[in-house]
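Heads up: the sequence shown at position 74 corresponds to 72 in my numbering, and the numbers run straight through without jumps.
Note that the Cβ used here is the ideal one computed from N, Cα and C, for glycine as well.
Please read all numbers here as calculations on a predicted model, not as lab measurements.
Below: the structure, in structure tokens.
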Amino acid sequence: MPRWLSKVLTRITALAAACDVRFTLKALRESAGLELGLDEEDACEMLAQLTAEDSAGRVASAATGEWMYLFKPQVFETTLYVKVILRNNCVVVSFHEDEDGIDEDGA
């Protein structure tokens, strides 16, 4: 496990458990397009249960230089692609079904 992952998971799960999560408009649109019927509360619950096995790495944002953490959790037999940024809270940038891990916007 990468050294940064434990600290990141601890912070994400704590923020999600406290519902201290924001969703970008893009992430809200993507989650609404899922056929899983997940709302923001469901997404927070899923984030609060992330594990090291769900991690798909991290990438630097081309726009801000911030680390974006990638996860591929399994929900109802569907693999999701979830990208978050940690600030004072947890910001969900992408939240959609995994399509070979490709997220074209780089945000």
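Excluding sequence positions up to five before and after residue 77, its CB lies within less than 8 Å of the CB of 70, 71, 95 and 96, all in the same chain and listed in chain order. A straight line joining the alpha-carbon of residue 20 with that of residue 90 spans about 6 Å.
Taking a cut-off of 8 Å on C-beta distances, the stretch 39 to 47 touches the stretch 7 to 20, as three or more cross pairs fall below it. Its chain contains 50 and 53 as the residues whose beta carbon lies nearer than 8 Å to that of residue 3, once the 5 sequence neighbours on both sides are disregarded; these appear in chain order. Residue environment: residue 5 is assigned as exposed (fewer than 16 neighbouring CB atoms within 10 Å of its CB, all protein chains considered). As for any beta strand (DSSP E) of minimum length 3 sitting wholly inside the stretch 50 to 105, the runs are 53 to 58, 65 to 69, 76 to 84 and 88 to 95, ordered along the chain. With 16 or more other Cβ atoms inside 10 Å of its own Cβ, residue 66 counts as buried.
Taking all protein chains shown into account, residue 25 has 16 or more neighbouring C-beta atoms within 10 Å of its C-beta and is therefore buried. The C-beta of residue 93 has 16 or more other C-beta atoms within 10 Å across all chains shown, which makes the residue buried. Under the DSSP assignment, residue 45 falls in the alpha helix (DSSP H) whose first and last residues are 38 to 46.
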